[in-house]
Structure formats: C-alpha cells, structure tokens
Amino acid sequence: MPLKVITANRLIDGRVVYLTRANDWSRRLADAWPAEDEAEAARLLDLAEAHVRARRVIGVYAFPVVRADGGLAPVSQRERIRTFGPSLEWPPMARGA
Amino acid sequence: MYRYDEFDRTLVAERVAQFRGQVRRRLDGALSEDEFKPLRLMNGLYLQLHTYMLRVAIPYGTLSSRQLRRLAEIARRFDKGYGHFTTRQNIQFNWTRLEDVPDILEALAEVEMHAIQTSGNCIRNVTADPLAGVAGDELTDARVYAEIIRQWSTLHPEFSFLPRKFKIAVSAAATDRAALRVHDIGLRLHRDAGGGLGFEVMVGGGQGRTPVLAKTIRDFLPERDLLSYLEAILRVYNQLGRRDNIYKARIKILVNEIGAAAFAALVEAEWARIKDDVLRLPDEELRRIRAYFAPPPYETLADDDPDPARAARAAPGFADWLRGNVEHHRQPGYAIVTASLKPIGGVPGDATAAQMEGVAEIADHFGFGEVRVTYKQNLVLPDIRKSDLHAVWRALDDLGLATANAGLVTDIIACPGLDYCNLANARSIPIAQRLGERFADLDRQHDLGPITLNISGCINACGHHHVANIGILGVDKKGVEFYQITLGGAADGAGAIGAIVGRAFAEHEVVDAVAAILDVYLSERRPGERFVETYRRVGLAPFKEKLYAPA
C-alpha cells in the first residue's frame, strides 16, 4: 500500500486539515501522520471519524502521499492543489493590464 | 430596476434568520452534517476543495451599483478580496467560513440579495439576455418576464424537490446572448401575426455529460399564459422525470426518451386544465412589473457624437476597444460597454473588490447606477453616453478592465476547474491563462474574428465547452490532466454541439493544438467567413489532419 494521510475540512471554516500524530488536526501536510499499511490507515480513519462526531471536521478521507525531500508530498494533482492552494497567480490581478 | 416589495423583504429576512439558527444548531451538534448539507445547499453554500464556497444569486444578471459595492465589501471582509462571476450570471465567493455565512447573508439581504435558488434540485436563479432593456435588437425588456418567473419560482412548494436542477433563460432579442438552446427551458419573445407578444418555448436543452439542444414545443405562447405553461411543463417533468439515476434525471433525458411531440402533448393537456385559472397574468400585474424596468431618464442626444471618433484617432488602444467592447444602444447617443473580466493572464470572471467598486463608481458617474453580468463572465455598463466613452475607457483601463477582447478568441469562458472545484478532473484557469497569453496580440485576434473558446474542467460543462466554436474539456487519465478538444459548437441561433476532434492532448500540448486549429482556419477560410462557418463548410478533416499528422 502507498503511504496514506488522513485529511478533512474543518467544520467551522472549511479549511483543509491533516490528522497529526497527536490525534489532532494541522493545516500543514508536514505535520500529518502517514499510515504505512491498510490496518493503520483504517485505525486513523476511525480516529478521524470521532472528530467528525465531535463536530471538528467534515469529509474525512485518506489519500496517497510519497516521501520527498525529507517530507511528504501528495501524489495526485487534486491533493497537491488542496495542499498548496490554486496553481495560479493570485490575487487575480492581470499582468500588464 | 426591480425593488423588493414587503413580501420579498420578509421572505429574505426570514431565510437569513432561519439559516443563522441552522448554522448555530450545526455548530452546537443538534444537526449532523447529513442533516445540515441540504439546508446549506438551499442557501448556496457548497464545500469545495479548499473551503466553503458561497454562490450568490444575481437575478437575470442585473445589479445596482449599491449591490456591486456590497459584493466588494463582502469580498474584502469575508473572503480574500475577490469574487468570481459565473456562467450563470451569478457570483461565487471561494473562501468563505461557515461561521461567517449568516452575517454575509444578512449583508446581502440589506441590499436585496440572497443565495436562494443557487443550488439544489429547484428552479434555479433565472438568467436572461445581459443587454435586456438596452440592446438595439430587442423587442421588449426580457427582464420583465424574468422577474415574473423569479417571483413565481422562488420557494415554489410544488417544485422544491424536482428530480434535478432546472434552469430557465429568457431573451427578447434577435441575437441570442442567453444561450437559450442549452437551458431546461429557453424562452424567446417575439410577436405573432396579430402583433401580440409571446414566447417561443424551447424545452430539454442542457450541457453536462449528455449535451442536448432544446426543442421548440410551442412556437407562440401568449405572454399572459407564461406561468401556467411553465407550471404545466414543470408538473409533467416533476411527475415523469427519473429519480433513480442522477445522470438521467434532467428534463432533456425525459424529452429525448418520450420524444418532443409526446412531451408537448402532455404539457398541452396539463396546460388546458390550468391556463384560465390563477396563473393567468393580469394586465395590472404586468404593468406593475414593467414599471420597475422603465427606461432611465435618458438625455435627448444626437446619435452621431463626434467625440469618440476624434479620441479614437488620438489613442489607438481606444479605437481597438471601441471596435470590440462597445455595442449599439437602442437610445440615440448612448452605447453599451463591456468591461472585460478576461485580462491577458488573468482569471476569467474574477474581479477584485477594488475592481467591483471601480465599476460601481463608473456606473454611478457615467450611467444610471446599473451593471450587468454576462454568462460569458464579463460585466456590462448598459447606459454610457457616447461622448463619455473615452473617459469610461480610461477609467476601466485604470482598473485593468479595458482589455479590448470582447467576443474575440481570448474572451475565454472557463469554469473554476480543479483549482477550486470538488467535481473537477482537471484545471481550467491555467489553460485559459496560457491561451490568453499565446493569442494576446489584438491585431491577430481581430484578424481571427469572432470565436468562442471555452474550457470546462469536467464533464459537467460549467465552462460551456460543448457549445464553443473551440471547446476544451479537461479529463483525468490515471491522475494526469488531459484535454479533449471539440469543434463547431455554438450557443447562439439554432445552437450546435461541438464534435470531438480526436484523442485528448496532454497539458503541455493543448495550447499548441489550439494554435494549429486557428492556423487551419486561416488557411481554409474564404473571405469574410467566420471560424464556425469555415468549420461547417470543411468539417473536421483538415483540422484532424493538422493536429494528428505524424511528426
């Protein structure tokens, strides 16, 4: 199984967060607790679902990451954009307008 | 402009209070997410990739300067300082916080705005010709009927849980600027032989995974019968539309399955029962609504004002802008101005708070305080004296909104795509930005002439790619973005769905592919022939040949 990280959106403001080793949530992927195998991923998802019931987050799921440059990097374009923000220049002022 | 009456005011105020309570109960834990989600969607609040997105209704794309200023305030206070105008003539705020949304809705209610009918399986916010009331080619102000439809459809109890969402568009002009043929219902006003006003009724159009052009089921519906006929259509759809499969739930599928003639017969039968009842529009009510859209106090001016011509000679950029972004107004001495939200390298449809405030200022100073939003994601200043065009151009230029590309190849429609949207498979905006940069040269754009180039980041087709002369659809192939190109689509007139040109292109190939398509057009075209006309004459073959020629 590829390495997986648990993510969600915070209920109160919708911001993207990752489940940490302290069973808490962080805005930074670097703080995430990567699951090495299916059993661990399932256990982390259970922990995360408890936070859904506690009204801290919504929309919990696991996504694949790889280790890169000593940290974690999302595999898919979608998760890269969720992690790093829109892939475009903004605020959206025109260049040379 | 329409102003809220006591019923509108009460309804919107009550909805804000109700949603404030629902948000509190969600945060307190009295409501689960499963219970809360349909409630937030009824108030235009989606959960997107990065956070909550609030979609605000702009009925038939008409805004007052006061409303636009309030949108700017909301962008600044509750978002990241900008908003995104959509292909439904609405605005989306991409970075809202759940806990702030009741306050945002309250701020909107103060200026007669809300987020009702911007989500869910109801009759959505009605759209219309953005030049309604001012266009030279218009029969009568289409917004009168759009407003009547708005009043009838808002919280309509029978149609609040339709099989799927439902979109109605209205136009009274010779040129279709509302994409009538790709709506669930398209209404085109015209006159019958006796001079009476009525509608051609088109039903069952839509984009998405199954693009279909609407079929005319009635050539002429007298204006007084508008609501009873709409009610009959909705009632047939509500009863027979599929609820077992989300992909087959739109009215277009029903009309295709039973046939337009059979569908029309069912509608006519239902209509016969209800047409002479309470939904028949009284003259007095029509007059009352029409009065809201009475023309502003225009000055009596000569149509041939010499000032723009003189200024055009002095400033070449102004001449380009006059040519592209200024249209004929029905009132002599006035013009309609498009403020382009497609600056080269910018994000199609995005406007910063400062830009919104600047446009509101121009509308107040030079116009009658009114602004329009187009489905092509631009803003329109509908009432500008021709003698003020140079000053308006300079004011828009200061705001970065004077790109002279309206209707040209860089006037690209693009959905938010994978940069924001939870449904997207691929990014749209960066592709639009690179295409804009590649084709920025205005002389070349004018040489290419009118072309629609639209991009969607998934098959839901919010970016109208199916009905673009050149359409681009982002797809996901095993986690990598690819782009499929269609040619020959058209949103105006009889409409046309584009044909797929061949295998999809990788992200780094797509701009070159569009350039190759434009080269084929330039070499194949006959004098005076627009892109879509050349395509219709020569077909896909020469484009395929150029695009997929072995290297």
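Protein chains in written order, with the numbering used here: chain A, 886 to 982; chain B, 502 to 1052.
Positions of the beta carbon are idealized from the N, C-alpha and C atoms, including for glycine.
Counting only runs that start and end inside the region 952–979 of chain B, the beta strand (DSSP E) elements of at least 3 residues fall at 954–957, 971–978. A/Asn-908 is outside the set of residues whose beta carbon lies under 9 Å from a beta carbon in chain B. The three-state secondary structure of B/Tyr-1022, taken from DSSP, is helix.
With a threshold of 16 other beta carbon atoms within 10 Å, B/Tyr-748 falls short and is exposed. By the rule that beta-carbons nearer than 9 Å mark a contact, A/Ile-966 touches chain B. For A/Pro-919, no alpha helix (DSSP H) run applies, since DSSP gives it neither H nor E. Selection B/Arg-873, B/Ile-754, B/Val-910, B/Phe-983 evaluated against B/Asn-739 yields B/Ile-754 as nearest (Cα-Cα). The DSSP-derived three-state label of B/Ala-941 is coil. Closest in alpha carbon position to B/His-1009, among B/Val-1033, B/Arg-928, B/Arg-1038, is B/Arg-928. Look at the beta carbons and you see the region 862–881 of chain B not touching the region 917–935 of chain B: under three pairs across the two are nearer than 8 Å. A distance below 9 Å separates the beta carbons of B/Leu-599 and B/Leu-546. Taking 9 Å as the CB threshold, A/Leu-896 lines the interface with chain B. Residues Glu-639, Leu-640, Thr-641, Ala-643, Leu-690 of the same chain have their beta carbon placed closer than 6 Å to that of B/Ala-673, with the five preceding and five following residues left out of the count. Looking at B/Tyr-505, B/Lys-581, B/Gly-621, B/Gly-972, the one whose alpha-carbon comes closest to that of B/Val-910 is B/Gly-972. Fewer than three beta-carbon pairs drawn from the region 892–906 of chain B and the region 932–942 of chain A are found closer than 8 Å, and the two stretches are therefore not classed as touching.
Under the DSSP assignment, B/Ile-775 falls in the alpha helix (DSSP H) whose first and last residues are 761–775. Under the Cβ criterion of 9 Å, A/Arg-940 is counted among the residues facing chain B. Taking a Cβ-Cβ threshold of 7 Å, the residues of chain A close to B/Pro-931 are Ser-972, Leu-973, in chain order. For A/Ser-961, the C-beta contacts it makes with chain B under 7 Å involve Gly-980, in order along the chain. Taking B/Ala-925 as reference, the option from B/Ala-1017, B/Ile-960, B/Gly-621 with the minimal CA-CA separation is B/Ile-960. In this chain, the beta strand (DSSP E) harbouring B/Met-703 covers 698–704.
Secondary structure note for B/Gly-918: it is in no beta strand (DSSP E), with a DSSP letter that is neither H nor E.
For the region 592–614 of chain B, the residues whose beta carbon sits under 7 Å from a beta carbon of chain A are, in order, Arg-598, Leu-599, Glu-600. Bounds of any alpha helix (DSSP H) do not take in B/Asn-595; it lies within the beta strand (DSSP E) bounded by 592–597.
Where B/Leu-722 is concerned, the enclosing beta strand (DSSP E) starts and stops at 716–723.
The continuous alpha helix (DSSP H) containing B/Val-1033 extends over residues 1032–1039. When secondary structure is reduced to three states using DSSP, B/Gln-985 falls in the strand class. A check of alpha carbon separations from B/Asp-777 across B/Pro-797, B/Leu-727, B/Ala-997, B/Phe-1032 identifies B/Leu-727 as the nearest. Inter-residue distance for B/Glu-786 and B/Ile-775 is about 19 Å (C-alpha atoms, whole angstroms). The beta carbon of B/Asp-920 sits closer than 6 Å to those of Arg-928, Ile-930, all from its chain and outside the five residues before and after it, given in chain order. Note on the region 785–851 of chain B: whole beta strand (DSSP E) runs with a minimum of 3 residues are 827–829, 835–840, in chain order. The beta carbon of B/Ala-636 sits closer than 6 Å to those of Ala-674, all from its chain and outside the five residues before and after it, given in chain order. In the three-state DSSP reduction, B/Asn-739 falls in the helix class (H, G or I). The three-state reading of DSSP puts B/Ala-1005 in coil, since its state is none of H, G, I, E or B.
Only residues of its own chain outside the window of five on either side were considered, and among them Pro-959 have a CB closer than 6 Å to the CB of A/Arg-965, listed in chain order. Listed by position along chain A, the residues whose Cβ is nearer than 7 Å to that of B/Gln-934 are Leu-973.
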